[in-house]
Amino acid sequence: NAGVTQTPKFRVLKTGQSMTLLCAQDMNHEYMYWYRQDPGMGLRLIHYSVGEGTTAKGEVPDGYNVSRLKKQNFLLGLESAAPSQTSVYFCASSQPQGRADTQYFGPGTRLTVL
Amino acid sequence: QQQVKQSPQSLIVQKGGISIINCAYENTAFDYFPWYQQFPGKGPALLIAIRPDVSEKKEGRFTISFNKSAKQFSLHIMDSQPGDSATYFCAALKVGNQFYFGTGTSLTVIP
Chain D
1 NAGVTQTPKF RVLKTGQSMT LLCAQDMNHE YMYWYRQDPG MGLRLIHYSV
51 GEGTTAKGEV PDGYNVSRLK KQNFLLGLES AAPSQTSVYF CASSQPQGRA
101 DTQYFGPGTR LTVL
Chain R
115 QQQVKQSPQS LIVQKGGISI INCAYENTAF DYFPWYQQFP GKGPALLIAI
165 RPDVSEKKEG RFTISFNKSA KQFSLHIMDS QPGDSATYFC AALKVGNQFY
215 FGTGTSLTVI P
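As they're listed, the protein sequences go chains D and R.
If you number the first sequence the way this note's numbering does, the last residue is 114 and the count never jumps.
If you number the second sequence the way this note's numbering does, the last residue is 225 and the count never jumps.
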């Protein structure tokens, strides 16, 4: 089992460019999440999904869009990148809360927006 | 508004000492409190977790103490080792809702 994988590991964008971060999990988990991690801010939830075809906003959704077309994949899109979106992005997955509450995290994507 | 407040921001402990990290929350609907450990360049990984029906949970050198009336919980690392040097995050969850994370504590254990 690879667990949770993220692509790419690093990326540098110019302001206004767009990109998509890919998260994949092979644990057949229902729930998937996208977080951003900034110094002194901890982990903040951007968007999450409770199943294929469903998405919901988290704590800091502005400037991001997501899609969950397949159960094993969760995509995070930046349509017009801004320097404020410079961060480390983590994807996570879990079984439905209440059955197994452990979140499994990917290795992260370090994004720099110039 | 920070749903879970964590302190201290950084902690330096001698090898063999006890590391203590504290968290506090306001929402009494939270019913699951995990701690995550994160090494540089890696994603967080679950270390230990507790539900509010118990006051303490121990796994090896790691113990969570939970005070429901004070709405506080803490992580104790006994006999701290250099390999424990990492960033630790507390979190809180209301089942059916989302996880809320603390801001993290950078632990350094000096040999």
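Where is the CB? At the ideal position from N, CA and C, for every residue including glycine.
The model shown is predicted, which means the values in this text are computed figures rather than measured ones.
Short CB-CB distance (under 7 angstroms) between residue i and chain D
i	result
Gln-115 (chain R)	no
Ile-201 (chain R)	One detail in the question is off: residue 201 (chain R) reads as Thr in this sequence, not Ile. Chain D contact via Cβ: absent.
Phe-215 (chain R)	yes
Tyr-146 (chain R)	yes
Pro-122 (chain R)	no
Gln-212 (chain R)	yes
Pro-158 (chain R)	yes
Gly-218 (chain R)	yes
In DSSP terms, what residue i is bridged to
i	result
Pro-148 (chain R)	R:Ala-163
Asn-65 (chain D)	D:Gly-77
Asn-136 (chain R)	R:Ser-121, R:Ser-188
Gly-42 (chain D)	D:Asp-38
His-47 (chain D)	D:Trp-34, D:Lys-57
Glu-52 (chain D)	Paired residues: none, contrary to the question.
Phe-90 (chain D)	D:Tyr-35
Arg-115 (chain D)	Chain D is shown only over 1 to 114; residue 115 (chain D) falls outside these bounds and no answer can be derived.
Gln-6 (chain D)	D:Cys-23
Gln-128 (chain R)	R:Ile-224
Ser-179 (chain R)	R:Glu-170, R:Ser-188
Ala-206 (chain R)	R:Tyr-214
Phe-105 (chain D)	D:Ala-92
Closer than 7 angstroms to chain R by CB, residue i
i	result
Leu-115 (chain D)	The requested residue 115 (chain D) does not occur in the structure, where chain D is confined to residues 1 to 114.
Gly-106 (chain D)	yes
Phe-74 (chain D)	no
Phe-10 (chain D)	no
Thr-102 (chain D)	yes
Handout entry: Sufficient close CB pairs (3 or more, under 8 angstroms) joining the region 143 to 150 of chain R to the region 164 to 179 of chain R
Key = Contact holds: three or more Cβ-Cβ distances are below 8 angstroms.
Exercise for the section: Could you please tell me which residues of the region 34 to 49 of chain D, in chain order, have their CB closer than 7 angstroms to any CB of chain R? Expected result: Going along the region 34 to 49 of chain D in chain order, one finds Gly-40, Met-41, Gly-42, Leu-43, Leu-45, Tyr-48 with a Cβ nearer than 7 angstroms to chain R.
Exercise for the section: Check whether the region 55 to 71 of chain D touches the region 124 to 140 of chain R, taking contact to mean three or more Cβ pairs, one atom from each stretch, closer than 8 angstroms. Expected result: Segments in contact, no.
Exercise for the section: Count the C-beta pairs between the region 12 to 20 of chain D and the region 68 to 84 of chain D that are closer than 8 angstroms, then say yes if the count reaches three, no if not. Expected result: In short, these stretches touch, since the Cβ pair count reaches three.
Problem - Cβ contact check for the region 180 to 190 of chain R and the region 133 to 140 of chain R: 3 or more pairs under 8 angstroms - result: Note that the region 180 to 190 of chain R touches the region 133 to 140 of chain R; at least 3 beta-carbon pairs, one per stretch, sit closer than 8 angstroms.
Practice task
Check distances from the C-beta atoms of the region 51 to 72 of chain D to those of chain R and list, in chain order, the residues that come in under 9 angstroms.
Solution key: Taking 9 angstroms as the Cβ-Cβ cut-off against chain R, the residues of the region 51 to 72 of chain D that qualify are Ala-56, Gly-58, Glu-59.
Exercise for the section: Assess, as a yes-or-no matter, whether the region 102 to 111 of chain D is touched by the region 2 to 10 of chain D under the definition of 3 or more beta carbon pairs within less than 8 angstroms. Expected result: Under the three-pair Cβ rule at 8 angstroms, the region 2 to 10 of chain D counts as touching the region 102 to 111 of chain D.
Practice task
Note down, in chain order, all residues in the region 125 to 139 of chain R with a beta-carbon under 8 angstroms from any beta-carbon belonging to chain D.
Solution key: Residues of the region 125 to 139 of chain R with a C-beta less than 8 angstroms from any C-beta of chain D: none at all.
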